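In UniProt numbering, the protein residues as written are 1 to 217. Glycine included, every Cβ here is placed at the ideal spot set by N, Cα and C. Model, not experiment: these values are computed from the prediction.
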Amino acid sequence: MEDTQKEHGIWGKRERGHRFEHHRRGPRGGAFGGGGGFGPGFGGFGPEAHFGRGRGRGGRGRRGDVRAAILLLLENESMHGYELIQRIKDRSDGVWKPSPGSIYPALAQLEDEGLLIIEKVAGRKTAKLTDAGKEYVEANRADLGDPWADVNAEVGDQTLDLRSIVGQLMGAVHQVGTAGTPAQAKQASEVLVEARRALYRILADEGVTETATDTEK
1 MEDTQKEHGI
11 WGKRERGHRF
21 EHHRRGPRGG
31 AFGGGGGFGP
41 GFGGFGPEAH
51 FGRGRGRGGR
61 GRRGDVRAAI
71 LLLLENESMH
81 GYELIQRIKD
91 RSDGVWKPSP
101 GSIYPALAQL
111 EDEGLLIIEK
121 VAGRKTAKLT
131 DAGKEYVEAN
141 RADLGDPWAD
151 VNAEVGDQTL
161 DLRSIVGQLM
171 GAVHQVGTAG
181 TPAQAKQASE
191 VLVEARRALY
201 RILADEGVTE
211 TATDTEK
């Protein structure tokens, strides 16, 4: 039987949200370097690409009800912070990926409310609903709703379709960048630049101004 050590009050006031566990962030560069994308509002090419206005580089996508998502996920199994982040991302088809800065304070608050406890399992600090937490979820299920559906509804089907197409495009870009010749990579780059310009031509009637990239200057 796995030895499980319970830990209470695991965060101090000054360290709350940081002691739960450590995360490493990898580079965001693409096959052609630089991590650039299709222009403002589109983010970079790749699985982490986001769509919509008002999101700068490094954005985490739409914001949903983190508290509700945590409670609903922990109802079925215990998880550590990174698992919660990944599960929320998966359940929202990649549209919503909360940052550690939103997950860990929410966990700390729920612990303070007595709705979950932190257990150290296999060396990792893991969140688990208390009996009071399970009762809370059951009694407030209607209010908790479906945070993933809410986020996807805000984004809309058209954006989700675009994300799927860009994902397929990224697969082709990756193949050219890793297996193609320098000449093929240059040709692919020219195709992408023209595609970017074509997208801005679509938006021209709305007065959207194209922003030149470093490769075009």
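Just mark G114 as buried or exposed, buried being the case when its beta carbon has 16 or more other beta carbons within 10 Å. Classified as exposed, G114 has fewer than 16 neighbouring CB atoms from the shown chains inside 10 Å of its CB.
Own chain, CB closer than 8 angstroms to R67, minus 5 neighbours either side, in chain order: A106, Q109 and L110
Over what stretch of residues does the beta strand (DSSP E) that includes L116 continue unbroken? L116 to V121
Evaluate the contact criterion for the segment 114–124 versus the segment 180–197: three or more CB pairs, one atom per stretch, below 8 angstroms. no
Report, in whole angstroms, the separation of the C-beta atoms of L74 and K128, which I expect to be a contact under 8 angstroms. That belief holds up - the Cβ atoms of L74 and K128 are roughly 7 angstroms apart, short of 8 angstroms.
Segments of 3+ residues assigned as beta strand (DSSP E) that fall wholly inside the UniProt domain "Transcription regulator PadR N-terminal" (70–138): 116–121 and 124–129
From E77 to E83, what does the alpha carbon distance come to, in whole angstroms? 11 angstroms
Nearest to I70 by CA position, among G133, G180 and E194, is which residue? G133
With a floor of 4 residues, list each alpha helix (DSSP H) that falls wholly inside the segment 175–202, ordered by position along the chain. 182–202
Using CA atoms only, rank isn't needed, just tell me which of G81, G180 and A179 is closest to I103. G81
If you drop the 5 nearest sequence neighbours on each side, which residues of the same chain put their C-beta closer than 8 angstroms to that of V176? A31, Q184, A185 and A188
When you compare only the Cα positions, how much space is there between R28 and M170? Because the pLDDT at R28 is just 38, under 50, the model does not fix this residue reliably, and the value given afterwards should be weighed accordingly. Answer to the nearest angstrom: the Cα atoms are 13 angstroms apart.
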